[in-house]
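Novice: Here it is, the structure, as structure tokens.
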DNA sequence: AGTGAAACGCAACGCAAGTTGCGATAAGGA
DNA sequence: TCCTTATCGCAACTTGCGTTGCGTTTCACT
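If you want it as structure tokens, here you go:
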């Protein structure tokens with residue numbers, strides 16, 4: 001259970017406590033993208049945030065908690081859900097978005113660390129699961145709109161379609177290590193869109 | 202670079218050295234499936250294998266190397282590539298196979314640890330990439346056969362199709378944590394098969 | 001059987017992660 | 001402004017991973 005439950009609206013929203021919190025999370029996110037989860041030392045995070053090691057450990061009991069907090073803080077920012085008018089282009093936009101996020105050197109390192117979190121501890125895994133279920137659930141809206149437009153049958157599996165769309169990107173990131181390009185995103189989107197439509201006939 | 206380059210045909214294939222090797226790798230694989238990567242202590246592996254901690258460290262310089270060796274040893278065993286006569290059923294068989302491997306409690310823990318390896322060190326990641334590239338490359342044969350049969354266009358992207366097939370399974374394992382069932386495998390196979398055929402028109 | 005080389009067991013060590021107690025400081029309200 | 005409380009800095013400590021040196025055992029080959 002994270003000690004860090006400070007949010008906007010708490011007792012001291014604008015004081016030192018909040019500044020320390022944001023500084024530490026930012027430093028953690030930076031280091032994560034630079035060297036990867038395993039190479040991140042909590043003490044280095046503290047140093048970069050101009051804070052003492054003890055302070056970090058008091059807020060986030062373990063390195064895993066700290067990284068999880070930093071990642072969710074960063075990723076919770078913007079989740080643009082495309083609405084271009086057709087399933088193909090919506091899926092393409094989604095896939096390109098994911099590819100842009102995990103396809104870069106730093107983004108890849110960050111994303112790999114996220115995935116690795118589920119292997120660290122079951123408790124941490126649960127937190128990440130909730131995060132992703134929510135995020136993919138939001139993306140599923142494009143499928144629902146396609147159903148509403150009559151592009152897909154009413155029984156189309158929105159979750160499966162989204163999971164299958166981003167699947168090859170994550171497989172490349174975590175398993176084969178092959179490059180994650182915009183072209184790949186486009187092809188995956190075309191493949192999944194075609195399959196979804198064909199399957200819903 | 203792993204010290205462990207002993208193979209069948211080496212200097213002392215039947216002696217203590219080989220027994221130690223197999224015992225340690227088996228113990229490591231067991232513990233990995235029981236508690237997950239992060240909770241595996243090298244000393245515990247040594248104890249379970251009735252071997253001293255030092256011996257393990259001499260063969261495998263780091264915990265990551267040890268786990269990687271244990272995993273590849275286990276996974277390199279059987280890779281049945283289905284050949285049922287149609288793309289749909291071949292993809293279904295492949296997906297079911299993967300689902301059976303990563304869908305169980307222990308298999309899931311093992312697979313998560315494999316994926317986490319790419320976040321541990323770049324060197325270790327390279328090893329795993331090679332392993333998976335080879336494995337998925339073998340699976341791509343079913344797509345090639347479909348092309349040969351005329352089910353798919355000659356320019357069908359075999360790698361993409363395989364990556365998209367297993368994608369949703371791995372996404373569930375690593376991101377959303379949702380159950381990985383045979384039904385899911387069947388649906389993913391149907392979706393990808395339909396998409397591959399539609400896209401190749 | 002004997003012999004050199006390789007591998008193992010054992011104990012001790014170095015090092016970094018994570019913890020704890022206490023004094024100092026900053027925030028919010030009277 | 002003053003006072004209470006929460007938070008931080010600091011230093012010392014504990015713990016466990018990974019390492020090293022050395023004596024002992026086992027293997028493969030005469």
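Chains as they are written, first to last, in this note's numbering: chain A, 1 to 201; chain B, 202 to 402.
Cβ coordinates follow ideal geometry from the N, Cα and C atoms, glycine included.
From a predicted model like this one, the values you see are computed outputs, not experimental measurements.
Where residue 37(A) and residue 243(B) are concerned, what is the direct C-alpha to C-alpha distance, given to the nearest angstrom?
Specialist: Roughly 20 Å separates the two Cα atoms.
Novice: Might you give, ordered along the chain, the residues of its own chain that have their beta carbon closer than 7 Å to the beta carbon of residue 274(B), omitting 5 neighbours on each side?
Specialist: Closer than 7 Å at the Cβ level, and outside the excluded window around residue 274(B), lie 226.
Novice: Measuring straight from C-alpha to C-alpha, what distance separates residue 234(B) and residue 307(B)?
Specialist: If you take the alpha carbons of residue 234(B) and residue 307(B), they lie about 5 Å apart.
Novice: Report the rounded CA-to-CA distance for residue 70(A) versus residue 316(B), giving the unit in angstroms.
Specialist: Their Cα atoms are separated by approximately 21 Å.
Novice: Out of 62(A), 147(A), 89(A), state which residue places its alpha-carbon closest to the alpha-carbon of residue 124(A).
Specialist: Per the Cα distances, 62(A).
Novice: Taking only beta-carbon atoms, is residue 171(A) less than 7 Å away from chain B?
Specialist: It does; some Cβ of chain B falls within 7 Å.
Novice: In chain order, which continuous runs of the alpha helix (DSSP H) of length 4 or greater are located wholly inside the stretch 289-323 of chain B?
Specialist: As far as the stretch 289-323 of chain B is concerned, its whole alpha helix (DSSP H) runs of at least 4 residues are 306-321.
Novice: Anything in chain B within Cβ reach of residue 141(A), meaning under 8 Å, just list it in chain order.
Specialist: Under the 8 Å cutoff, chain B gives no residues; its nearest Cβ is about 16 Å from residue 141(A).
Novice: Which runs of the alpha helix (DSSP H) spanning at least 4 residues fall entirely within the stretch 31-60 of chain A, listed in chain order?
Specialist: Here the runs fully enclosed are 42-48, 53-59.
Novice: Where does the unbroken alpha helix (DSSP H) through residue 159(A) begin, and where does it stop?
Specialist: Residues 158-171.
Novice: What residue from 321(B), 354(B), 360(B) has the CA that sits closest to residue 337(B)'s CA?
Specialist: Nearest C-alpha to residue 337(B): 360(B).
Novice: In the DSSP assignment, the alpha helix (DSSP H) including residue 181(A) goes from what residue to what residue?
Specialist: From DSSP, residue 181(A) is part of no alpha helix (DSSP H); its letter is neither H nor E.
Novice: Does the structure place the stretch 88-98 of chain A close enough to the stretch 173-187 of chain A that three or more beta carbon pairs sit under 8 Å?
Specialist: At 8 Å Cβ cutoff, the stretches touch.
Novice: Mind the definition here: the stretch 388-399 of chain B touches the stretch 287-297 of chain B only if three or more C-beta pairs lie below 8 Å; say whether that holds.
Specialist: Counting Cβ pairs under 8 Å, three or more are found: they touch.
Novice: In angstroms with no decimal places, state the Cα-to-Cα distance between residue 209(B) and residue 220(B).
Specialist: Confidence is the limiting factor: at residue 209(B) the pLDDT is only 36, short of 50, which leaves the residue's position unreliable and the question unanswerable from this model.
Novice: Between the stretch 39-58 of chain A and the stretch 80-91 of chain A, do three or more beta carbon pairs fall short of 8 Å?
Specialist: The stretch 39-58 of chain A is not in contact with the stretch 80-91 of chain A.
Novice: How long is the line joining the alpha carbons of residue 169(A) and residue 44(A), rounded to whole angstroms?
Specialist: If I take the Cα positions, the gap works out to 31 Å.
Novice: Taking the straight line between their C-alpha atoms, what separation do you get for residue 247(B) and residue 265(B)?
Specialist: Roughly 15 Å between the two C-alpha positions.
Novice: Suppose you measure from the CA of residue 119(A) to the CA of residue 241(B); what does that come to, to the nearest Å?
Specialist: Cα to Cα, the separation comes out at about 11 Å.
Novice: In the DSSP assignment, find the unbroken alpha helix (DSSP H) run with residue 140(A) in it and report its ends.
Specialist: That residue, residue 140(A), is in no alpha helix (DSSP H); it is neither H nor E in DSSP.
Novice: For a cutoff of 7 Å on Cβ pairs, would you count residue 85(A) as touching chain B?
Specialist: No, no contact with chain B.
Novice: Going by alpha carbons, who is nearest to residue 196(A) out of 155(A), 132(A), 167(A), 126(A)?
Specialist: When each option's Cα is compared against that of residue 196(A), the closest is 155(A).
Novice: Whose C-alpha, out of 171(A), 22(A), 89(A), 146(A), is nearest the C-alpha of residue 329(B)?
Specialist: It is 171(A).
Novice: I need the DSSP call for residue 79(A), collapsed to helix, strand or coil.
Specialist: Here residue 79(A) sits in coil by DSSP.
Novice: Which value, in whole angstroms, describes the spacing of the CA atoms of residue 193(A) and residue 346(B)?
Specialist: Distance between the alpha carbons of residue 193(A) and residue 346(B) is about 24 Å.
Novice: Measuring only between beta-carbons, confirm whether residue 168(A) sits less than 7 Å from chain B.
Specialist: Residue 168(A) counts as touching chain B.
Novice: Contact check, residue 198(A) vs residue 399(B) under 8 Å by CB: the rounded distance?
Specialist: Rounded, the Cβ-Cβ distance is 5 Å, consistent with contact.
Novice: State yes or no: is the C-beta of residue 368(B) within less than 7 Å of the C-beta of residue 167(A)?
Specialist: Cβ atoms of residue 368(B) and residue 167(A): closer than 7 Å.
Novice: Just mark residue 163(A) as buried or exposed, buried being the case when its beta carbon has 16 or more other beta carbons within 10 Å.
Specialist: Buried, by the Cβ-count rule.
Novice: By the 10 Å Cβ neighbour count, where 16 or more other Cβ atoms means buried, how is residue 289(B) classified, buried or exposed?
Specialist: Buried is the call here.
Novice: State yes or no: is the C-beta of residue 173(A) within less than 7 Å of the C-beta of residue 108(A)?
Specialist: In this structure, residue 108(A) lies closer than 7 Å to residue 173(A) by Cβ.
Novice: Helix, strand or coil for residue 152(A), going by three-state DSSP, please let me know.
Specialist: Correct three-state label for residue 152(A): coil.
Novice: Using a Cβ-Cβ cut-off of 7 Å, state whether residue 38(A) counts as contacting chain B.
Specialist: Cβ-Cβ to chain B under 7 Å: yes for residue 38(A).
Novice: Excluding the 5 residues flanking residue 142(A) on each side, which residues of the same chain have their C-beta closer than 6 Å to its C-beta?
Specialist: Answer for residue 142(A): 90, listed in chain order.
Novice: Helix or strand or just coil, what does DSSP make of residue 394(B)?
Specialist: DSSP places residue 394(B) in helix when its eight states are reduced to three.
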